[in-house]
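One structure is given below, encoded as structure tokens.
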Amino acid sequence: MSDVRRPALATALTALLLLGATACTDDAPKAPAAAPSDPATPLEDLDTGSLVIVRDAFCDRVSPAEVEAVLGAEVDTSTSYDNGQPAQLSDRVKDVAHEFGCTWTATDGTVGRAWVFAPPVTPARARLLVKAAPDEAGDGCTRAGDAADFGAPSVAVVCDGPKRHEASFHGLFGDAWLSCSLTLPADGAGAGSTDRQALLDRTGTWCVDVAQAAAAGSG
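Shown next as structure tokens:
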């Protein structure tokens, strides 16, 4: 499997935000009641300003059909973790999580991830996260300045190298810092194009699903 890493943004800078955490159970994402949107909504068509994101577990509200649609293959494994729980935050970092997150891996190695910080984030700290995102994501990662907004402020990052093809969006919704990413196999075995814009568009659609699931708990 390719060397996929969730951008280290949530690992390197979460320490700025955290005062404590409450341990929760480690359950894989459950099947939600909501049906997948059809057709898929591009990120630029989503009114992110109207969404109220809950800083809580949301993985069970992400539709399995939407997950498989964005991965382009059947889901092989899925994991989730809660605030205060030991978790594998990246390929190289295992620590106590101060976020709620989930990962879905397809049979072809494509990986979809989503996570929201448990502590509230101020606009000033969000700007720090935006600035740090490309460097924290790793080598070969750059900011996609022409990407659609994902909260305010927000940032999109594309990583294109021999070990991974990855796009991610991170943004502030009220006081909730929400992130989502899509990583394709480095060997090109995954479904879909590794073209930069195509990957950004596909990840944006995934992030729409994530944002709607994370906002569903606000009602």
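When you line the sequence shown up against mature numbering (1 follows the signal peptide of the UniProt record, and there is no 0), it's residues -23 to -1, 1 to 196, in that order. Glycine is no exception: its CB is placed at the ideal position from the N, C-alpha and C atoms. Keep in mind the model is a prediction, meaning the values are calculated, not measured.
* Return the Cβ separation of Ala192 and Leu28 in integer angstroms, given the expectation that the two are a contact with Cβ distance under 8 Å. => Between Leu28 and Ala192 the Cβ distance is about 4 Å, and since that is below 8 Å, they are a contact.
* Going by Cα to Cα distance, which pick from Trp154, Ser131, Cys118 and Ala125 is closest to Thr160? -> Cys118
* The beta strand (DSSP E) spanning Cys36 covers which residue range? -> That residue, Cys36, is in no beta strand (DSSP E); it is neither H nor E in DSSP.
* **Identity of the residue in Thr25, Leu106 and Arg90 nearest Val47 by Cα** => Arg90
* Asked: Taking just the CA atoms, how far does Asp59 sit from Val93?
  -> 10 Å
* Local conformation of Asp59 per DSSP, three classes -> coil
* Buried or exposed for Pro96, please, with buried defined as at least 16 other CB atoms from any protein chain shown within 10 angstroms of its CB. => buried
* Rounded to whole angstroms, what's the CA-CA distance from Lys140 to Gly115? Just pull it up for me. => 11 Å
* State the Cα-Cα distance for the pair Ile30 and Lys108, rounded to the nearest angstrom. => Cα-Cα distance, rounded: 22 Å.
* Quick one: grab the DSSP three-state call for Arg181. => One detail in the question is off: residue 181 reads as Gly in this sequence, not Arg. Correct three-state label for Gly181: helix.
* To do: Count the other CB atoms, across all protein chains shown, that sit within 10 Å of the CB of Thr25; report buried if there are 16 or more and exposed otherwise.
  => Counting Cβ neighbours within 10 Å, Thr25 comes out buried, since at least 16 surround it.
* Asked: What are the residues that DSSP puts in a beta bridge with Ala109?
  -> Per DSSP, none; premise fails for Ala109.
* Should Asp126 be listed as close to the ligand ATP, given that the test is whether its C-beta is under 7 Å from any heavy atom? -> The ligand ATP is not part of this structure, which contains no ligands at all.
* Quick one: what does DSSP say Thr18 is sitting in, helix, strand or coil? -> coil
* Asked: What is the DSSP secondary structure of Asp186, counted as helix, strand or coil?
  -> helix
* C-alpha gap between Asp123 and Thr56, whole angstroms -> 32 Å
* Between the beta-carbon of Ala144 and the beta-carbon of Val39, is there less than 8 Å? -> Cβ atoms of Ala144 and Val39: not closer than 8 Å.
* Quick one: Cα of Ser131 to Cα of Ala110, how far? -> 10 Å
* **Nearest neighbour of Ala153, chosen from Trp183, Ala42, Val44 and Glu76 [CA to CA]** => Glu76
* In terms of alpha-carbon separation, which member of Phe146, Val98 and Arg104 lies closest to Ala121? -> Phe146
* Cutoff 8 Å: Glu51 Cβ touching any chain D Cβ -> Looking at the structure shown, chain D is missing, and only one protein chain is on hand.
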